[in-house]
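Structure first, then comments.
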Amino acid sequence: MADKVEVPEVEITKEQLLGWYRQMVRIRRVEELAAKAYTLRKIKGFCHLYIGQEAIAVGSHAAVDAKDDLISAYRIHGQVLARGGTAREVMAELFGKQAGITKGIGGSMHMASKKLHFWGGYGIVGGHVPLGLGSAFAHRYNESGQISLTFFGDGAAQQGAVYESLHMAQLWKLPAVFFCENNYYAMGTSLDRQSYLTDMSRRGDGVGMTRWQFNAFDVVDVYKNVKAAADYARSGKGPVILEGVTYRYRGHSMSDPAKYRAEGELEEKKQKSDGIELAADRLRDDFGVSDADLAKIKVEIDEEAQDAYDFADNAPEPDEDALYDYVYAPAEVE
Ligand SMILES: Cc1ncc(C[n+]2csc(CCOP(=O)(O)OP(=O)(O)O)c2C)c(N)n1
Ligand SMILES: [Mg+2]
3 MADKVEVPEV EITKEQLLGW YRQMVRIRRV EELAAKAYTL RKIKGFCHLY
53 IGQEAIAVGS HAAVDAKDDL ISAYRIHGQV LARGGTAREV MAELFGKQAG
103 ITKGIGGSMH MASKKLHFWG GYGIVGGHVP LGLGSAFAHR YNESGQISLT
153 FFGDGAAQQG AVYESLHMAQ LWKLPAVFFC ENNYYAMGTS LDRQSYLTDM
203 SRRGDGVGMT RWQFNAFDVV DVYKNVKAAA DYARSGKGPV ILEGVTYRYR
253 GHSMSDPAKY RAEGELEEKK QKSDGIELAA DRLRDDFGVS DADLAKIKVE
303 IDEEAQDAYD FADNAPEPDE DALYDYVYAP AEVE
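Heads up, the sequence shown is in the numbering used here, so the first residue is 3 and it goes up one at a time.
What follows is the structure, given as structure tokens:
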């Protein structure tokens, strides 16, 4: 069986943790307003919220380089914000407006940014994992020194394309980190109803890949574990598969009332393992940050999210002439 690598303790500064706290609050607030806009039919189509999982996006993005390649599935608003997308860019994309990060033509599931080395945004469950593999291959081929970080869900872990990607990454010792966000549900099906194994990092065992599972509620834990995995992959030792245990607070998408949860399950998770509250505890206990300072951050983020909402609401629709832009490669034949 493949070994876990040592996860070293790391010193976190007050400024780092304050920044991560701010990012997690930003993700939650932007998504709460997105939920409101959805019910007002200002956002249409699919909309999958990330609320409850914020620590994973924020801790992971902090642990890798700006030039590393990232790819995820369709639950990505939080990922884009953590990677450096602005609240305005994300909200405008959700509203289908031209000022959105993908010019209003991608929408909730298809946000991507070359500048941010963030490649989406992908609706076919597990279908993006071979793309993450491809970017890891490109980094090895070009000797770029960068890695690829691929997020996928516990449901996606059952897909053949995921297993094939793990196999190839391990065979060629590619600089890749595969991160399974185990939020305990695949649509309305709980993990123990859809999988015999409940530690998805064990998908790595069959190919001999270094792997481990960890609790991913605390942003500092996420940072430490992803950093250890990224350092390992970057050093040329081969890929890693991680599983982060998390929990989603909302339904699968905006149209899911999530009636399948056990009674009290959601409340218990919120009370014991909310990423924002855990970071607030650390800020108070380890750095003496006051409740007033934390409340001030929330007010600032509230204003930023509301500004993004108003901006998106008033922004122009994409140009009708641009309807077919980015659909086909520009033709060069006469
Ligand atoms: C190939 C394929 N099969 C089925 C679906 C329908 N579907 C959409 S999301 C989903 C559940 C995926 O769950 P998980 O990977 O745990 O991600 P999460 O929604 O929890 O983030 C399914 C089955 C799909 N989009 N693509
Ligand atoms: Mg899931």
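Heads up, the beta-carbon is just placed ideally off N, CA and C, and yes, glycines get one too.
Given a cut-off of 7 Å on the beta-carbon distance, is the pair residue i and residue j in contact?
i       : j       : result
Gly-123 : Ile-58  : no
Val-7   : Tyr-234 : yes
Tyr-187 : Gly-125 : no
Gly-210 : Gln-148 : no
Val-9   : Ala-230 : yes
Phe-120 : Lys-44  : no
Ile-73  : Leu-133 : yes
Ala-138 : Ser-150 : yes
Phe-153 : Val-131 : no
Val-242 : Ser-62  : no
Asp-1   : Leu-193 : This structure cannot settle anything about residue 1, because the visible part of the chain is limited to 3 through 336.
Ala-232 : Val-179 : yes
Pro-259 : Gly-266 : no
Val-27  : Lys-300 : yes
Phe-313 : Lys-16  : no
Glu-56  : Gly-277 : yes
Gly-190 : Tyr-262 : yes
Gly-129 : Lys-175 : no
Val-127 : Ala-159 : no
Who are residue i's beta bridge partners in DSSP?
i       : result
Ile-243 : Phe-180, Arg-213
Ala-260 : BP columns for Ala-260 are empty, so no partner.
Leu-72  : Phe-120, Leu-151
Ser-192 : Tyr-187
Lys-115 : First, the amino acid is wrong: residue 115 is Ser here, not Lys. In DSSP, Ser-115 forms a bridge with Phe-120.
My guess is that residue i and residue j are in contact by the Cβ rule of under 8 Å, so how many angstroms apart are they, rounded?
i       : j       : result
Pro-177 : Arg-85  : Incorrect: roughly 19 Å between the Cβ atoms, too far for contact.
Ala-94  : Gly-80  : The pair is not a contact, with the Cβ atoms about 16 Å apart (cut-off 8 Å).
Gln-25  : Val-60  : 5 Å
Trp-22  : Ala-89  : About 16 Å; that fails the 8 Å criterion.
His-50  : Ser-110 : 7 Å
Ile-29  : Leu-83  : 5 Å
Ala-68  : Met-256 : Actually they are not in contact, since the Cβ atoms of Ala-68 and Met-256 sit about 31 Å apart, beyond 8 Å.
Leu-268 : Leu-19  : Not confirmed; about 26 Å, so no contact.
Tyr-330 : Ala-39  : Incorrect: roughly 31 Å between the Cβ atoms, too far for contact.
Gly-136 : Ser-115 : Contact doesn't hold; Cβ gap of about 18 Å is too wide.
Gly-212 : Asp-5   : Per the sequence presented here, residue 212 reads as Thr, with Gly not at that position. Thr-212 to Asp-5, Cβ: 6 Å. Contact.
Next item on the list: Decide yes or no for the touch test of the segment 156-174 against the segment 201-208: beta carbon pairs closer than 8 Å, at least 3 of them.
Entry: yes
Checklist line | Those runs of the alpha helix (DSSP H) which lie wholly inside the segment 207-241 and span at least 4 residues | finding: 221-236
Notebook entry, point to check: Pairing CB atoms from the segment 24-43 with CB atoms from the segment 300-320, are three or more of them under 8 Å?
Noted result: yes
Item checked: Cβ contact check for the segment 239-258 and the segment 211-227: 3 or more pairs under 8 Å -> yes
Note to self: With three or more C-beta pairs closer than 8 Å as the rule, is the segment 86-101 touching the segment 186-200?
What the structure shows: no
Margin query: Suppose only complete runs of 4+ residues qualify. What are the alpha helix (DSSP H) ranges in the segment 5-52, listed by chain order?
Written below: 16-41
Item checked: Start-end ranges of the alpha helix (DSSP H) lying completely within the segment 264-301, minimum 4 residues -> 267-275, 277-289
Next item on the list: Would you list, in sequence order, the uninterrupted alpha helix (DSSP H) runs of no fewer than 4 residues that lie entirely inside the segment 75-107?
Entry: 79-85, 89-96
Note to self: My parser needs the beta strand (DSSP E) runs of 3 or more residues fully inside the segment 127-173; what are they?
What the structure shows: 150-155
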